[in-house]
Amino acid sequence: MGTNLTEMGKWAVVTGASDGIGKAFAEQLANLGLNIVLISRSKDKLDLVASNIGENTVQTKVISVDFTHGVSVYDQIKEETEGMDIGVLINNVGIA
Numbered sequence: 900m901g902t903n904l905t906e907m908g909k910w911a912v913v914t915g916a917s918d919g920i921g922k923a924f925a926e927q928l929a930n931l932g933l934n935i936v937l938i939s940r941s942k943d944k945l946d947l948v949a950s951n952i953g954e955n956t957v958q959t960k961v962i963s964v965d966f967t968h969g970v971s972v973y974d975q976i977k978e979e980t981e982g983m984d985i986g987v988l989i990n991n992v993g994i995a
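Numbering (this note's numbering), first residue to last: 900 to 995.
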């Protein structure tokens, strides 16, 4: 018997969500019934992930930011997630 993540909040935020482990996290959280905020640098890749996840009848939101710009991206993320019932954060962003 596991934790019902939807009891923590209706939304999950996944950084580094355009491919790889972040994408897999986002897909699995959507399968559990959470709406997903996808955050990464490539809007085109995020839109593709969002359209695939949207088939699970959950909501998605795409936020395209480049974390190499430092703390300045946090204001944009805060603004775009304002008022959302966020219960899960997967911080998977990678910076090269």
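Yeah, the Cβ is synthetic: ideal placement off N, Cα and C, and Gly gets one too. Please read these numbers as outputs of a predicted model, since none were measured by experiment.
Quick one: what does DSSP say residue i is sitting in, helix, strand or coil?
{"i": "V961", "result": "strand"}
{"i": "T905", "result": "helix"}
{"i": "T956", "result": "coil"}
Would you call the CB atoms of residue i and residue j closer than 8 Å?
{"i": "V913", "j": "I938", "result": "yes"}
What is the residue span of the alpha helix (DSSP H) that residue i lies within?
{"i": "V948", "result": "K942 to G953"}
{"i": "G919", "result": "G919 to N930"}
{"i": "V972", "result": "S971 to T980"}
If I'm right that residue i touches residue j with Cβ under 8 Å, what's the distance once you round it to whole angstroms?
{"i": "I935", "j": "V957", "result": "6 Å"}
{"i": "I920", "j": "N990", "result": "With 8 Å as the limit, I920 and N990 do not qualify as a contact, their Cβ atoms being about 11 Å apart."}
Which partner residues of residue i appear in the DSSP bridge assignment?
{"i": "L988", "result": "V912"}
{"i": "L937", "result": "V913 and V961"}
When you measure from the CB of residue i to every non-hydrogen atom of the ligand ZN, does any distance come out below 7 Å?
{"i": "L937", "result": "Among the components modelled here there is no ligand, and therefore nothing to report on the ligand ZN."}
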